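K.L.:
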Amino acid sequence: MVVAKSNRRKRQDRVKAVAKRAEQARRHAKAEREQQTAERFRRLLDPLSSPADVAEILAAELPDSLAAGAMMQIRLSSGVPGEEIAQTARLMLAAAVEPPQIGTLAVAAWAAHVTGDEDAERGYASELLSRADAADDPELRLEVIRAASVRGHPGEACELIEPYLRERPDDELGAGIYAEALAKAHAEAEPGERERAALTRYGDRSGLEALRAAIDAFLARTQWGAITRNWADAEQSRLAAAYWQAAERDQFDALAVEVAVTYPVAGASGSPAAGEAASDDGPVNDTPLRAFAADPATPGELAARASEWDQHAQFGIWQVEEPKAAPGVWCTELVSGLRRYTQFPAPALAGAAPWSVWLGPLVPTDGIWRSTGNGIWLSPLEGDAAAEYAEQAVWHMLEALSGVPSDQLPEPGEIRFGQAEPYCVRWETGEEPEPEFGESVGPVIARLATVLVSRVWWKRSVTVALTNTDGEPMVLIDATVTVSGDATERLSARSDFGEEEGGLDGQLVWWGDQDPGPSDEPLVMHFHQDDPPTCWTQPGTRSA
Amino acid sequence: MILGRVTPGGDRVRVQVNSHRRLRKLLRILADIGAEPEVAEQAQSEPSLDFAWGSVPDGGSPPREWERAWLEQSVAVLDFRTPRHAAASAAEGNTAEALQLEGLLRQLEYQAGLATARGERPIDTEWLRTELGLTGPLGERLP
Numbered sequence: 074m075v076v077a078k079s080n081r082r083k084r085q086d087r088v089k090a091v092a093k094r095a096e097q098a099r100r101h102a103k104a105e106r107e108q109q110t111a112e113r114f115r116r117l118l119d120p121l122s123s124p125a126d127v128a129e130i131l132a133a134e135l136p137d138s139l140a141a142g143a144m145m146q147i148r149l150s151s152g153v154p155g156e157e158i159a160q161t162a163r164l165m166l167a168a169a170v171e172p173p174q175i176g177t178l179a180v181a182a183w184a185a186h187v188t189g190d191e192d193a194e195r196g197y198a199s200e201l202l203s204r205a206d207a208a209d210d211p212e213l214r215l216e217v218i219r220a221a222s223v224r225g226h227p228g229e230a231c232e233l234i235e236p237y238l239r240e241r242p243d244d245e246l247g248a249g250i251y252a253e254a255l256a257k258a259h260a261e262a263e264p265g266e267r268e269r270a271a272l273t274r275y276g277d278r279s280g281l282e283a284l285r286a287a288i289d290a291f292l293a294r295t296q297w298g299a300i301t302r303n304w305a306d307a308e309q310s311r312l313a314a315a316y317w318q319a320a321e322r323d324q325f326d327a328l329a330v331e332v333a334v335t336y337p338v339a340g341a342s343g344s345p346a347a348g349e350a351a352s353d354d355g356p357v358n359d360t361p362l363r364a365f366a367a368d369p370a371t372p373g374e375l376a377a378r379a380s381e382w383d384q385h386a387q388f389g390i391w392q393v394e395e396p397k398a399a400p401g402v403w404c405t406e407l408v409s410g411l412r413r414y415t416q417f418p419a420p421a422l423a424g425a426a427p428w429s430v431w432l433g434p435l436v437p438t439d440g441i442w443r444s445t446g447n448g449i450w451l452s453p454l455e456g457d458a459a460a461e462y463a464e465q466a467v468w469h470m471l472e473a474l475s476g477v478p479s480d481q482l483p484e485p486g487e488i489r490f491g492q493a494e495p496y497c498v499r500w501e502t503g504e505e506p507e508p509e510f511g512e513s514v515g516p517v518i519a520r521l522a523t524v525l526v527s528r529v530w531w532k533r534s535v536t537v538a539l540t541n542t543d544g545e546p547m548v549l550i551d552a553t554v555t556v557s558g559d560a561t562e563r564l565s566a567r568s569d570f571g572e573e574e575g576g577l578d579g580q581l582v583w584w585g586d587q588d589p590g591p592s593d594e595p596l597v598m599h600f601h602q603d604d605p606p607t608c609w610t611q612p613g614t615r616s617a
Numbered sequence: 007m008i009l010g011r012v013t014p015g016g017d018r019v020r021v022q023v024n025s026h027r028r029l030r031k032l033l034r035i036l037a038d039i040g041a042e043p044e045v046a047e048q049a050q051s052e053p054s055l056d057f058a059w060g061s062v063p064d065g066g067s068p069p070r071e072w073e074r075a076w077l078e079q080s081v082a083v084l085d086f087r088t089p090r091h092a093a094a095s096a097a098e099g100n101t102a103e104a105l106q107l108e109g110l111l112r113q114l115e116y117q118a119g120l121a122t123a124r125g126e127r128p129i130d131t132e133w134l135r136t137e138l139g140l141t142g143p144l145g146e147r148l149p
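So the protein lines, in turn, are chains A and B.
Residue 74 is where the first sequence starts when you use my numbering, and the numbers rise one by one after that.
Residue 7 is where the second sequence starts when you use my numbering, and the numbers rise one by one after that.
1) Can you tell me whether Leu451(A) is helix, strand or coil according to DSSP?
2) Starting from Gly116(B) and walking both ways along the alpha helix (DSSP H), at which residues does that stretch end?
3) I'd like the list of long-range same chain contacts for Ile147(A), defined as Cβ closer than 7 Å, with 5 residues on each side in sequence excluded.
4) Does the beta-carbon of Thr101(B) have 16 or more other beta-carbons within 10 angstroms, so that it is buried, or is it exposed?
5) Name the residue from Tyr116(B), Leu105(B), Arg124(B) whose alpha carbon lies nearest to the alpha carbon of Leu140(B).
6) Could you please give the first and the last residue of the uninterrupted alpha helix (DSSP H) stretch that includes Arg322(A)?
7) Taking 7 Å as the line, does the beta carbon of Gly152(A) fall inside it for any heavy atom of the ligand COA?
8) Residues of chain B with CB closer than 8 Å to the CB of Leu135(A), please, in chain order.
9) The beta strand (DSSP E) that contains Asp306(A), what's its start and end?
10) Check each residue of the stretch 425 to 443 of chain A: if its Cβ is closer than 7 Å to any Cβ of chain B, include it; give the result in chain order.
11) Ordered along the chain, which non-local residues of its own chain (more than five positions away) have a Cβ less than 7 Å from that of Glu268(A)?
12) Going along the chain, which residues of its own chain have a beta-carbon closer than 6 Å to the beta-carbon of Ala121(B), five neighbours each way excluded?
13) Should Cys497(A) be flagged as near chain B, meaning a C-beta pair shorter than 8 Å?
14) Quick check on DSSP: helix, strand or coil for Gly343(A)?
15) If you measure between the beta carbons of Gly152(A) and Pro120(A), is that distance less than 8 Å?
16) When we look at the beta-carbon of Glu71(B) and count the other beta-carbons within 10 Å, is it buried (16 or more) or exposed?
17) How would you list, in chain order, the residues of chain B whose beta-carbon sits under 8 Å from the beta-carbon of Arg563(A)?
18) Rounded to whole angstroms, how far is the Cβ of Leu328(A) from the Cβ of Thr523(A), which I believe are closer than 8 Å?
19) Are Ile288(A) and Pro242(A) closer than 8 Å when you measure CB to CB?
20) Return helix, strand or coil for Trp382(A), following the three-state DSSP convention.
21) Using a Cβ-Cβ cutoff of 7 Å, what residues of the stretch 115 to 145 of chain B are near chain A? List them in chain order.
22) Run through chain B and tell me which residues come within less than 8 Å of Ala579(A), C-beta to C-beta.
23) Where does the unbroken alpha helix (DSSP H) through Ser429(A) begin, and where does it stop?
24) Give the DSSP-derived three-state secondary structure of Ser444(A) in the structure shown.
25) Does the beta carbon of Ser199(A) come closer than 8 Å to any beta carbon on chain B?
26) Taking buried to mean at least 16 other C-beta atoms within 10 Å of its own C-beta, is Gly448(A) buried or exposed?
27) So what does Gly15(B) bridge to, in DSSP terms?
28) For Ala248(A), I'd like the list of residues in its chain whose CB is within less than 6 Å of its CB, leaving aside the five on either flank, ordered along the chain.
29) Is there a Cβ from chain B that is less than 8 Å from the Cβ of Ser568(A)?
30) By how many angstroms is the C-alpha of Trp297(A) removed from the C-alpha of Ala350(A)?
31) Indicate whether at least one CB of chain A lies closer than 8 Å to the CB of Leu32(B).
32) Here's the rule I'm using: 16 or more other beta-carbon atoms within 10 Å means buried, otherwise exposed. How should Asp457(A) be labelled?
33) Under 7 Å Cβ to Cβ from Asp137(A), same chain only, skipping five residues before and after it: list those, please.
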């Protein structure tokens with residue numbers, strides 16, 4: 074039976090058909106636009122495209138983007154003559170409705186650069202910076218500065234970015250651009266005057282040294298000196314061992330003082346004087362650093378530097394891929410994933426090998442991150458173990474702060490030298506740092522620093538025997554055993570033997586029935602000495 | 007939990023374990039199933055903490071001897087796999103193995119750096135990386 078469509082149904086079908094045709098047309102138009110855009114970018118990258126073509130495409134596709142300037146860099150590197158770049162800029166400027174857009178200015182800056190007109194180049198860059206400021210777009214400002222560095226003016230880029238970093242030492246984009254510019258200046262065979270000046274400013278530790286000297290003088294004339302000394306001495310008494318050399322005692326002391334200057338330790342030391350000092354100065358000035366910054370006798374410049382230290386200093390377990398000053402080194406904090414481009418005092422880097430791990434504080438001074446020089450180098454293996462231990466401590470602290478009853482908190486574990494997960498590769502796996510977690514890491518590592526140092530030295534000093542999970546002395550045995558009959562088939566029939574996923578062809582794995590716990594690690598280590606006491610005291614928290 | 011590995015090979019099997027007691031226990035199992043086991047050859051090493059990834063290079067050995075041996079030896083922290091085996095497994099997408107192996111290579115690079123600074127012959131880590139096909143940045147090698 075054939076049922077005729079109703080008029081209503083016919084209308085609905087017509088509407089649907091129209092909508093479908095419109096959708097198809099939209100898709101077709103979109104695909105065409107995408108194809109045209111792809112073709113335009115192909116022509117932009119084609120060194121044979123004419124300046125007129127390039128100018129037209131840039132005006133259409135990248136009118137308000139610094140990427141237009143980057144296109145000039147790419148064209149230059151693919152062999153396009155400088156004169157064609159200049160011609161492109163002339164055409165874009167001529168066609169521009171006043172004032173020229175960002176893309177045109179970026180191209181003009183490159184053209185001025187290749188024709189050697191530095192005044193014009195600086196003028197265009199300056200105009201771009203003004204646009205970024207007018208739009209309150211710090212990211213654009215930073216990219217304009219980066220472009221100046223890429224065009225061969227790293228010294229100028231440093232001058233422009235240093236004031237920004239003084240205000241925002243934690244800004245990773247800014248720090249990255251600064252690092253690129255410094256490295257470029259450092260690599261120049263004959264750096265220009267501005268590059269030399271930038272490198273000198275970067276390497277100049279006098280600001281930090283002046284601050285340090287003033288803090289030392291402040292400690293000597295106030296009761297903060299005794300508080301700091303008592304805490305450092307108490308830490309050394311608690312953790313020092315007979316095998317420590319004089320140099321190690323000095324290193325330990327310097328690091329302990331760094332902790333006591335930066336974080337509240339009065340309560341931890343148990344010193345009555347400590348309590349007095351904290352209450353006399355009120356809760357805000359609960360560290361020597363804060364008290365120093367607030368002291369009316371402290372010159373403004375030093376007070377500002379002390380506040381910068383107080384607000385931004387980062388204790389950490391910092392891995393350095395290539396510990397050669399060029400002129401700074403990138404440090405990755407293994408627990409938090411923070412990255413800092415850091416200037417180390419030359420003696421601190423001497424003898425450090427690739428992938429060494431620095432346990433100590435990094436401090437910004439006038440926006441430049443510097444190592445104070447007080448800390449110790451760990452091997453990657455030691456760094457992994459220290460980072461794992463510190464991360465557990467951070468979680469412990471966060472759980473305690475979130476109200477988990479103390480009897481439900483996990484007991485502190487051991488520092489698992491040789492067993493810890495490879496933290497040294499963690500931040501290259503795509504895992505993103507969590508800023509909030511990162512904020513907790515510095516104070517915890519500061520509080521653990523003395524313990525970690527003492528454990529590392531202890532581990533280096535003692536004979537360590539490896540044992541397997543049955544507690545038997547670890548001996549790696551690789552034996553060839555003659556057998557009769559089809560031993561493999563008979564072993565396979567047993568429940569404690571089986572083929573391993575991903576194992577060698579035909580290889581059987583012999584399984585044990587013990588619960589391995591959260592890790593399937595077959596190794597455990599037994600240290601032939603009583604462990605030093607483990608200390609997971611809650612670190613002093615900062616009051617903003 | 008893995009107690010050991012047995013690799014068949016006709017009238018011989020290769021046995022890899024990490025203690026004498028486990029070797030004895032495994033031989034007992036083989037005897038119980040009627041395989042009449044006899045140890046024909048046996049190599050053993052006692053790993054120290056800092057060299058849980060392999061034996062210490064000997065300064066007097068010919069160049070690359072240590073490196074060649076290391077590639078084929080069972081390494082404790084690789085769960086007694088050889089670096090070559092771990093690299094193959096990493097290439098097939100085993101991220102955990104890739105990270106462990108990279109961690110080991112970095113430790114070796116660190117050791118090599120210290121040796122160079124002391125004026126000693128370092129481990130040729132560049133050669134090891136080439137042999138294992140692990141020369142690019144780690145991020146680009148992970149699945």
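Here a beta-carbon is modelled for each residue, glycine too, at the ideal position from N, C-alpha and C.
None of the values given here were measured: they were computed from a predicted structure.
P.N.:
In terms of the structure at hand:
1) In this structure, Leu451(A) counts as strand in the three-state DSSP scheme.
2) Reading off the sequence, residue 116(B) comes out as Tyr, not Gly. Here the alpha helix (DSSP H) through Tyr116(B) covers 101 to 123.
3) So the list reads Leu118, once near-sequence residues are dropped.
4) With fewer than 16 Cβ atoms within 10 Å of its Cβ, Thr101(B) is classed as exposed.
5) It is Leu105(B) whose Cα lies nearest to the Cα of Leu140(B).
6) Element bounds for Arg322(A): 319 to 335.
7) The ligand COA is absent from the structure shown, which contains no ligands of any kind.
8) By Cβ distance, chain B contributes nothing, its closest Cβ being about 28 Å from Leu135(A), past 8 Å.
9) Run containing Asp306(A): none in the beta strand (DSSP E); it sits in the alpha helix (DSSP H), 297 to 312.
10) Answer in chain order: Ala426, Pro427, Trp428, Ser429.
11) Take Glu268(A), set aside five residues on each side of it, and the residues of its chain with a beta-carbon closer than 7 Å to its own are Pro227, Gly228, Ala258, Glu261, in chain order.
12) Once the five neighbours on either side are set aside, the close Cβ partners of Ala121(B) are Pro128.
13) The C-beta of Cys497(A) comes closer than 8 Å to at least one C-beta of chain B.
14) Per-residue confidence for Gly343(A) stands at a pLDDT of 39, beneath the threshold of 50, marking its modelled position as unreliable; no derived number is given.
15) Between Gly152(A) and Pro120(A), the C-beta spacing is below 8 Å.
16) With fewer than 16 other CB atoms across the displayed protein chains lying within 10 angstroms of its CB, Glu71(B) is exposed.
17) Near Arg563(A) (Cβ distances below 8 Å), the residues of chain B are Ile39, Gly40, Ala41.
18) The beta-carbon separation of Leu328(A) and Thr523(A), rounded to 7 Å, stays under the 8 Å limit for a contact.
19) No.
20) Looking at Trp382(A) - three-state DSSP - the assignment turns out to be helix.
21) For the stretch 115 to 145 of chain B, the set of positions with a beta-carbon nearer than 7 Å to some beta-carbon of chain A reads Glu115, Tyr116, Gly119, Leu120, Ala123, Leu144, Gly145 in chain order.
22) Here residue 579(A) is Gly; the residue named in the question, Ala, does not match the sequence. Those within 8 Å of Gly579(A) in chain B are Thr13, Pro14.
23) For Ser429(A), no alpha helix (DSSP H) encloses it; the enclosing beta strand (DSSP E) starts and ends at 429 to 438.
24) The three-state secondary structure of Ser444(A), taken from DSSP, is strand.
25) No, no contact with chain B.
26) With 16 or more neighbouring CB atoms inside 10 Å of its own CB, Gly448(A) falls in the buried class.
27) Arg18(B).
28) Once the five neighbours on either side are set aside, the close Cβ partners of Ala248(A) are Tyr414.
29) Judged by the 8 Å Cβ criterion, Ser568(A) is not in contact with chain B.
30) Low confidence applies here, because Ala350(A) scores a pLDDT of 47, under 50, leaving its location unreliable; read the following figure in that light. Answer to the nearest angstrom: the Cα atoms are 7 Å apart.
31) Yes, contact with chain A.
32) The residue is buried, with at least 16 neighbouring Cβ atoms inside 10 Å.
33) If we look at Asp137(A) and ignore the five residues flanking it on each side, its Cβ neighbours are Gln174, Ile175, Gly176.
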